[in-house]
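For what it's worth, the working numbering labels the leading residue of the first sequence as 373, then goes sequentially.
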Amino acid sequence: MEEIKSTNFIEEFINKDLADGKIEEVVTRFPPEPNGYLHIGHAKSLCINFGMKEKYNGKCNLRYDDTNPSKEDVEYVNSIKEDIKWLGFEWDEELYASDYFDRMYDCAVLLIKKGLAYVCDYTAEQIKATRGTLTQPGEESPWRGRSIEENLRLFEEMKEGKYADGTKVLRAKIDMASPNINMRDPVIYRVLRATHHRTGDKWCIYPMYDFAHPLEDAFEGITHSICTLEFEDHRPLYDWVKVNCGFGDFPRQIEFARLGMTRTIMSKRYLKKLVDEGKVSGWSDPRMPTLSGMKERGYPPEAIRRFCQEIGVSKSQSEVDVCMLEHFVRDYLNVNADRMMVVKDPIKLIVANAAEDEIYQIENNPNAEVKTTHAVSFSRELYIDRDDFAPVPPPKYKRLVPGGKVRLKGSYILEYVSHECDADGNVTSVTCNYIPDSISGGVNASIKVKGVIQWVNAKDCIDLTLHEYDYLLLDGDGDFNDRLTPDSHKIYPNAKGERYLSDAKQYDRFQFMRMGYFSAVKDYGKDGKYEFNQITGLKDSYGK
RNA sequence: AGGGGUAUCGCCAAGCGGUAAGGCACCAGACUUUGACUCUGGUAUUCGUAGGUUCAAAUCCUGCUACCCCUGCCA
373 MEEIKSTNFI
383 EEFINKDLAD
393 GKIEEVVTRF
403 PPEPNGYLHI
413 GHAKSLCINF
423 GMKEKYNGKC
433 NLRYDDTNPS
443 KEDVEYVNSI
453 KEDIKWLGFE
463 WDEELYASDY
473 FDRMYDCAVL
483 LIKKGLAYVC
493 DYTAEQIKAT
503 RGTLTQPGEE
513 SPWRGRSIEE
523 NLRLFEEMKE
533 GKYADGTKVL
543 RAKIDMASPN
553 INMRDPVIYR
563 VLRATHHRTG
573 DKWCIYPMYD
583 FAHPLEDAFE
593 GITHSICTLE
603 FEDHRPLYDW
613 VKVNCGFGDF
623 PRQIEFARLG
633 MTRTIMSKRY
643 LKKLVDEGKV
653 SGWSDPRMPT
663 LSGMKERGYP
673 PEAIRRFCQE
683 IGVSKSQSEV
693 DVCMLEHFVR
703 DYLNVNADRM
713 MVVKDPIKLI
723 VANAAEDEIY
733 QIENNPNAEV
743 KTTHAVSFSR
753 ELYIDRDDFA
763 PVPPPKYKRL
773 VPGGKVRLKG
783 SYILEYVSHE
793 CDADGNVTSV
803 TCNYIPDSIS
813 GGVNASIKVK
823 GVIQWVNAKD
833 CIDLTLHEYD
843 YLLLDGDGDF
853 NDRLTPDSHK
863 IYPNAKGERY
873 LSDAKQYDRF
883 QFMRMGYFSA
893 VKDYGKDGKY
903 EFNQITGLKD
913 SYGK
């Protein structure tokens, strides 16, 4: 294989292993525990692991790390699968840690036979009490010296169900005085009576992560087991299991810093709480930082991948500004999202000199690589947004004002004639004349106007539902605080039902996530077969 | 007897002894049938800190400091 330039430290490891001839193919894996939905943090891991497969033309397996039946569920394995596909990744093999339970059991027996594991009768409390502390060594279990024969017999009896949950465990015999607490005779098998979502009640003992993970990796021929930083301390144990169970230099564990993002809750525990307490409609609620929530929100998967690519990979603890994610969403949408016109708070606009109805084509997206158009109809009665007409214009106002001109996007230039107000002084309608031949290409098209506004034909526009999202502030402990209702965070559905998020307001002093309500607001566009509406997912087009 | 990590612009992040890439954000102009987009220009004399080695250090050495992770029969 020819040498490939590395762009991060993980690739440096891989390139070295390749250059040294230690491996011929790169094999990675994405190993979620099916105990929740995937979120944006998982997207980073997904992009790294599948990224290695793509870059090195290797393999990447999807493997469910289902070694704790008390927390796991098939609902999650299905959602995980869907979300990975949605992001656009293809795994080579779909595997389950539970498929290896027999082989893992055999490995445990092997360790016992080598005198490297023993059955311990301590309770969880006793194990904790004798583990020592960060600064003091632990003390050895009185069961540490059991004979191999006795250990073999007891372990088999554990498997056969002779012992109650929590009464016996299998421990690796390593070093109770190790400064690395993970090496102080870690538990590698526990008795646990719970129905497993795949193996049912076949087993009543289950392997622990530290024992299971290196074996899963080794069984599958994983070359690089990429995980997050908090497992760095576990690497010696990972290697201990790997070597003592008869494997060589590979797989190798490499750790990177997990994704932290401003204003985003990434703790699975807390996300689950939101779902369980009904604060959100579910894991796929558009306010959730889950992949399915972002999908619901209208985030394109390409944007998420691009984001993951651009934030890079390192070992320094970091918190990426959520603006970065939103940038790549906008960046993608700018080129790929169809533009339609929408009027949020309509007032009637009468085109006094309009003779007959017209239909013409306007571009779906002027930034698209392949230009397409859609039909728009024009008539004597239109709607424009209340914000787009100012009886008394503020400074620097660029839209319609008494005595002024403005262009209807994709259509004619309008000249103000008059306007009417109700008893409270609210504008109820505006009357204008259009300037003939002022559509693009016409002889009057070059007349200078201050601004361009969106509009819809009153005759054939349709109502839309505008989903408005509120934020719920969370304090440092993750408890709910008072509500805040920023005005700039709205989600507009387009004709395909996709929703794009507008730019978010910034709050510095709190962690918070999107919460709130859906409010139905009348919007006016064209009927279903015409595309309409506006620049969703882009920065507000009208500044202050 | 504690161990393991990390420290480069407001936020990510390149850099691997030869004199601080890039992206986000921000600021200023230009352009514009979306006040968007696009474009142009501007943003670290300095790399946690104090010393040392060297003609030359963010990069090597030494000592400090700050932050993160580890005492589940979770993963």
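All C-beta atoms in this analysis are idealised placements derived from N, C-alpha and C, irrespective of residue type, glycine included.
Predicted model, so just to flag it, every value in this text is computed and none were measured.
Using the beta-carbon count (16 or more within 10 Å), is residue i buried or exposed?
i      : result
Leu601 : exposed
Ser690 : exposed
Ser451 : buried
Gly460 : exposed
Ser442 : exposed
Ala469 : buried
Glu396 : exposed
Glu792 : exposed
Ala675 : buried
Tyr494 : buried
Leu846 : Its pLDDT being 42, under 50, Leu846 is placed unreliably in this model, and the coordinates cannot settle the point.
Ala415 : buried
Asp582 : buried
Tyr642 : exposed
Ser656 : buried
Thr439 : buried
Lys431 : buried
Glu682 : exposed
Pro586 : buried
Ile382 : buried
Asp707 : Strictly speaking, residue 707 in this sequence is Val, with Asp absent from that position. With fewer than 16 other Cβ atoms within 10 Å, it is exposed.
Asp710 : buried
Asp729 : exposed
In chain order, what residues of the same chain have a beta carbon less than 6 Å from the beta carbon of residue i, not counting five sequence neighbours either side?
i      : result
Arg771 : Asp760, Val778, Gly823 and Ile825
Arg678 : Phe700
Ile577 : Met530, Lys531, Tyr561 and Val563
Met580 : Val559 and Ile560
Asn380 : Val685
Thr662 : Tyr409, His411 and Trp655
With DSSP as the reference, please indicate the residues paired to residue i in a beta bridge.
i      : result
Gly413 : None; Gly413 has no bridge partner.
Tyr755 : Lys720 and Val828
Val789 : Beta-bridge pairing links Val789 to no other residue.
Gln625 : Ser597
Ile734 : His746
Ile920 : What the structure shows of the chain is the stretch from 373 to 916, and residue 920 is not part of that stretch, so it cannot be assessed.
Met633 : Val692
Lys431 : Val399
Phe761 : Leu772
Leu646 : Per DSSP, none; premise fails for Leu646.
Give me, in chain order, the residues of the same chain whose beta-carbon lies closer than 7 Å to that of residue i; leave out the 5 immediate sequence neighbours on both sides.
i      : result
Cys599 : Gln625 and Glu627
Asp605 : Asn552 and Asn554
Val652 : Leu646, Arg659 and Met660
Glu465 : Asn433
In whole angstroms, what separates the C-alpha of residue i from that of residue j?
i      : j      : result
Ser378 : Val399 : 17 Å
Asp794 : Asp717 : 16 Å
Glu588 : Ile520 : 25 Å
Val499 : Asp537 : The residue you asked about is not Val; residue 499 is Ile in the sequence shown. Approximately 15 Å between the Cα atoms of the pair.
Lys640 : Tyr784 : 53 Å
Phe473 : Asp389 : 30 Å
Gly776 : Ser810 : 15 Å
Cys617 : Leu697 : 43 Å
Gly487 : Asp557 : 13 Å
Glu870 : Arg669 : Reliability fails at Glu870, whose pLDDT of 37 lies under 50, so the model's placement of it is uncertain and the value that follows must be treated cautiously. For Glu870 and Arg669, the distance between alpha carbons rounds to 8 Å.
Phe622 : Arg401 : 14 Å
Pro514 : Thr502 : 11 Å
Thr539 : Tyr610 : 26 Å
Pro361 : Val773 : The question about residue 361 has no answer, for the chain in this structure spans 373 to 916.
Val449 : Gly572 : 16 Å
Asn739 : Arg607 : 49 Å
Phe385 : Lys394 : 11 Å
Glu741 : Pro673 : 19 Å
Asn725 : Cys804 : 8 Å
Ser664 : Pro404 : 16 Å
Excluding sequence positions up to five away, which residues of its chain have a Cβ less than 8 Å from the Cβ of residue i?
i      : result
Ile923 : Shown here, the chain extends from 373 to 916; a query on residue 923 therefore has no answer.
Glu753 : Lys720, Leu721, Ile722, Val723, Asn829, Ala830 and Lys831
> Between the region 556 to 564 and the region 585 to 604, do at least 3 Cβ pairs fall closer than 8 Å?
Replying inline: Because the criterion of three Cβ pairs below 8 Å is not met, the region 556 to 564 and the region 585 to 604 do not touch.
> Does the region 500 to 512 come close enough to the region 474 to 485 that 3 or more CB-CB pairs lie under 8 Å?
Replying inline: The count of Cβ pairs closer than 8 Å, one atom from the region 474 to 485 and one from the region 500 to 512, stays below three, leaving the stretches out of contact.
> Touching or not, the region 413 to 422 and the region 568 to 586, by the rule of three or more beta carbon pairs under 8 Å?
Replying inline: In short, these stretches do not touch, since the Cβ pair count stays below three.
>> Quick check: the region 628 to 643 against the region 692 to 712, are at least 3 beta-carbon pairs closer than 8 Å?
In response: Yes, the region 692 to 712 is in contact with the region 628 to 643.
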